[in-house]
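Everything on this sheet refers to the single structure shown next.
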Amino acid sequence: MRTRVLFFLCVISVALSDLSPRYLESIERRSAASKQSRPDVPLWTKCAIWYQIFPERFCNGDSSNDPKKEDLRGAWPHEVADGWQVSRWSGDWYELQPWEKDGKGFYFHAQQRRYGGDLQGVISKLDYLQELGINAIYFNPLFESPSLHKYDATFYHHIDNNFGPDPEGDRQIWSEENHADPQAWKWTAADRLFLQLIAEAHRRNIKIVIDGVFNHVGLTFWAFEDVKRDQEKSHYKDWFIIKRWDNPTTVENEFDYDGWYGVKELPELREDDDGIVRAPRAHIHAVIKRWMDPNGDGNPDDGVDGWRLDVADMVSLNFWREFRLWVRSINPEAYLVGEVWWEDWQDGRMFNAAPWLQGDAFDAVMNYRWAQEAVRFFAGKRTKIPVSEFVLRLASLRNDYPDENNYVLMNLYDSHDTDRLGSRIVNADLPYDRNVGVNDNRSYNVRKPLADGLKTQKLMALFQMTYVGAPMIYYGTEAGMWGADDPDCRKPMLWRDVSYENERSHPFGLRRPDDRNIFNEDLFGWYAKLIRIRKTHVELQAGTFAPLVTDDAQDIFGFERRMQGNRVVVLLNNCDEPKMIRIPILSAERNMLVRDLLTGQRFSARQEALEVKVGGKSGVILPFEKE
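Here the numbering used here = 1-based position in the sequence shown + 970.
In structure tokens, the structure reads:
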């Protein structure tokens, strides 16, 4: 028990000398209760504050490894324009570069763009992330792949060579390696740099979770290349769902197979009743061991701290049950979070992920259902829901899952698969993740958020950092980035020390504002403050939740997070005008001094109720402390 507690305390980056006895006691009690009757979620994840990094677009720390034309072979759209080169990090996003002016348009060429983000860039920005205050990173796929997104793996057992310091040396290692034999796997320069990144992050008490894409691979996946070449004679023919073999006596290539959602660039791995079939299953098992305990000494401290599992609902639950056993046998504190999202995208119906959250598969899912409701409440205009309805929907979501899982759900507003939060606020009445790309909806407003939109974003961040669950920030949201759905949500990161061109172009030549593209220091400071508050108040991490104020007419919402007789009260004013909010005071709280953690304003709780003036589109955080 004490080992788990100290592990937890280390992760939240609070100095041991600053921890109160009640903090230690409360965590131990909740952990004991969890062990006795609840799903066994990793304790550290209750205090996790996640930051999602899309590697190709985060930071170019080493231009010597930038991709070349040949590195795009196997990635859609399967042609590279003459004159192609790595794109300028600071350019106007929609402006066509010289080699893109061939009449095929922005959205064709956006998939060919590469900006050179790499692991050295991430290492160079770990201090920035520490300044922000996050303590856990979720990486989009890092494994070798020809695409910008890396969801079409060439290898699971090697990091992309353009993310490391020696792309050509890595290629040489691949060419000499038996990919089917884990005992023969080597460590490339990119692999070793990733292990260095893990060590540097762990030294800063930052956890690392990586994307596992085990439903499908890429056209250049080593085993699929063998199948394409040797057809029925391939040793790996049973790894995939082959519909038709090529007839060598004809000019036509009849070879056909199943791809994820029919996408031929993403060949699906074969499944039986237990999930992915035996041979690729064993390969994946070896991959898990490689990245979770790289030196194989039985101590997982040098490996990744968990996995985010892509399109998890499209792989048998039986497979994930076994997957959990593999992972937990290596690291009992490893975190598993599934992408269990759209049950019916056309109808706008998301999965209730309860079957995956029963203690035998995942610890959490990416909490898009929560995001959808929060966007409607805080940002909606015509689609806005009243406070009372919002509270009911939140309760319904919490009731769907065991309590312990609710505390570690990834509470996100945006990701690599949605429009960015800033743009979602500008286009708030559009359905969540539907019709939110400019290529599909030319009326989508591409401008940056204005002052009122930023106030809404700040209020939403306040709610995110004080509600039940583990908040996740998509890279650049804290810096003021905006953008429509993929690919526009995957722009190069905004950095303080880079001078960016204004965004004035439109992909279809429509009129738009001339928007200044600059790192938003005020917004960054707001996120950093909220993170500090969450990390230093255990009630916000692991306390119970109860609504206190639900006033539809005034559009105000208040709730408390309680632990061991102490509570933090959060009051949110969702309308534009200041409001006076009245909350009841418990008898044990009489004569306590209450200080708003955001402004420092102090209130004396001497009556039966406390009245607090809250500005428009703003909030307060009130911990009750003795005078």
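Just so you know, even glycine gets a beta-carbon here, dropped at the ideal spot from N, CA and C.
Residue i and residue j: beta carbons closer than 8 Å?
{"i": "A1516", "j": "R1504", "result": "no"}
{"i": "A1051", "j": "W1069", "result": "yes"}
{"i": "I1211", "j": "R1240", "result": "yes"}
{"i": "R1417", "j": "R1486", "result": "no"}
{"i": "N936", "j": "N1409", "result": "Residue 936 lies beyond the range of the chain shown here (971 to 1597); nothing can be said about it."}
{"i": "P1137", "j": "L1163", "result": "no"}
{"i": "I1168", "j": "A1106", "result": "no"}
{"i": "D1228", "j": "N1288", "result": "no"}
{"i": "Y1445", "j": "Y1021", "result": "yes"}
{"i": "T1520", "j": "Y1305", "result": "no"}
{"i": "W1230", "j": "I1180", "result": "no"}
{"i": "H1127", "j": "V1257", "result": "yes"}
{"i": "F1184", "j": "I1246", "result": "yes"}
{"i": "Y1377", "j": "G1439", "result": "yes"}
{"i": "M1343", "j": "F1360", "result": "Here the sequence assigns Glu to residue 1343, which means Met is not the residue at that position. In this structure, F1360 lies closer than 8 Å to E1343 by Cβ."}
{"i": "L1364", "j": "V1335", "result": "no"}
{"i": "F1133", "j": "L1089", "result": "yes"}
Identify every residue that forms a DSSP beta bridge with residue i.
{"i": "D1242", "result": "G1245"}
{"i": "T1520", "result": "F1527"}
{"i": "T1023", "result": "The question names Thr, yet the displayed sequence has Ile at residue 1023. Partner(s): F1109."}
{"i": "V1050", "result": "The partner list for V1050 (beta bridge, DSSP) is empty, contrary to what the question assumes."}
{"i": "M1284", "result": "In DSSP, M1284 forms no bridge with anything."}
{"i": "R1278", "result": "D1181 and V1307"}
{"i": "S1574", "result": "L1563"}
{"i": "A1579", "result": "P1554"}
{"i": "L1042", "result": "Looking at the DSSP assignment, L1042 forms no beta bridge with any residue, so it has no partner."}
{"i": "V1598", "result": "With the chain covering 971 to 1597 only, the question about residue 1598 has no answer from this structure."}
{"i": "F1225", "result": "BP columns for F1225 are empty, so no partner."}
Return helix, strand or coil for residue i, following the three-state DSSP convention.
{"i": "V1538", "result": "strand"}
{"i": "W1290", "result": "helix"}
{"i": "N1381", "result": "strand"}
{"i": "F1125", "result": "coil"}
{"i": "T1426", "result": "helix"}
{"i": "T1388", "result": "coil"}
{"i": "N1375", "result": "helix"}
{"i": "I1176", "result": "coil"}
{"i": "A1003", "result": "Confidence is the limiting factor: at A1003 the pLDDT is only 43, short of 50, which leaves the residue's position unreliable, though a coordinate-based value still follows. In this structure, A1003 counts as helix in the three-state DSSP scheme."}
{"i": "M1336", "result": "strand"}
{"i": "N1543", "result": "strand"}
{"i": "E1354", "result": "For clarity, residue 1354 is Lys in the given sequence; the question names Glu instead. K1354: coil per DSSP, three-state reduction."}
{"i": "E1313", "result": "strand"}
{"i": "K1156", "result": "coil"}
{"i": "K1095", "result": "coil"}
{"i": "E1491", "result": "helix"}
{"i": "G1586", "result": "coil"}
In its own chain, which residues sit with a C-beta less than 8 Å from the C-beta of residue i, not counting the 5 before and 5 after it?
{"i": "L1493", "result": "L1424, Q1427, K1428, E1448, A1449 and G1450"}
{"i": "I1488", "result": "G1450, L1464 and Y1470"}
Leaving out five residues before and five after residue i in sequence, what residues of the same chain have Cβ atoms less than 6 Å from its Cβ?
{"i": "T1514", "result": "R1532"}
{"i": "S1588", "result": "N1543"}
{"i": "W1496", "result": "K1428"}
{"i": "I1178", "result": "I1107, I1168, A1171, V1274 and D1275"}
{"i": "A1282", "result": "G1308, E1309 and V1310"}
{"i": "D1522", "result": "P1356, V1357 and S1358"}
Near residue i, what residues of its chain come up, given a Cβ to Cβ distance below 7 Å and the 5 sequence neighbours on each side ignored?
{"i": "V1590", "result": "L1541, D1566, L1568, V1582 and V1584"}
{"i": "D1525", "result": "V1357, N1544 and C1545"}
{"i": "G1329", "result": "P1009 and D1010"}
Could you tell me the alpha carbon to alpha carbon distance between residue i and residue j, rounded to whole angstroms?
{"i": "S1475", "j": "D1403", "result": "23 Å"}
{"i": "D1280", "j": "G1308", "result": "7 Å"}
{"i": "Y1371", "j": "A1324", "result": "6 Å"}
{"i": "D1161", "j": "P1152", "result": "15 Å"}
{"i": "R1251", "j": "L1096", "result": "34 Å"}
{"i": "A1454", "j": "D1384", "result": "11 Å"}
{"i": "D1032", "j": "Y1108", "result": "21 Å"}
{"i": "G1086", "j": "R1027", "result": "7 Å"}
{"i": "W1326", "j": "P1270", "result": "25 Å"}
{"i": "G1479", "j": "P1419", "result": "20 Å"}
{"i": "D1130", "j": "G1044", "result": "14 Å"}
{"i": "D1422", "j": "G1392", "result": "11 Å"}
{"i": "F1433", "j": "V1539", "result": "12 Å"}
{"i": "N1030", "j": "L1189", "result": "26 Å"}
{"i": "K1234", "j": "S1060", "result": "33 Å"}
{"i": "R1346", "j": "K1354", "result": "5 Å"}
{"i": "D1072", "j": "E1065", "result": "13 Å"}
{"i": "R1214", "j": "E1224", "result": "7 Å"}
{"i": "R1390", "j": "R1368", "result": "25 Å"}
Is there a Cβ of chain D sitting closer than 8 Å to that of residue i, yes or no?
{"i": "R1199", "result": "Although the question refers to chain D, the structure presented lacks it and comprises just one protein chain."}
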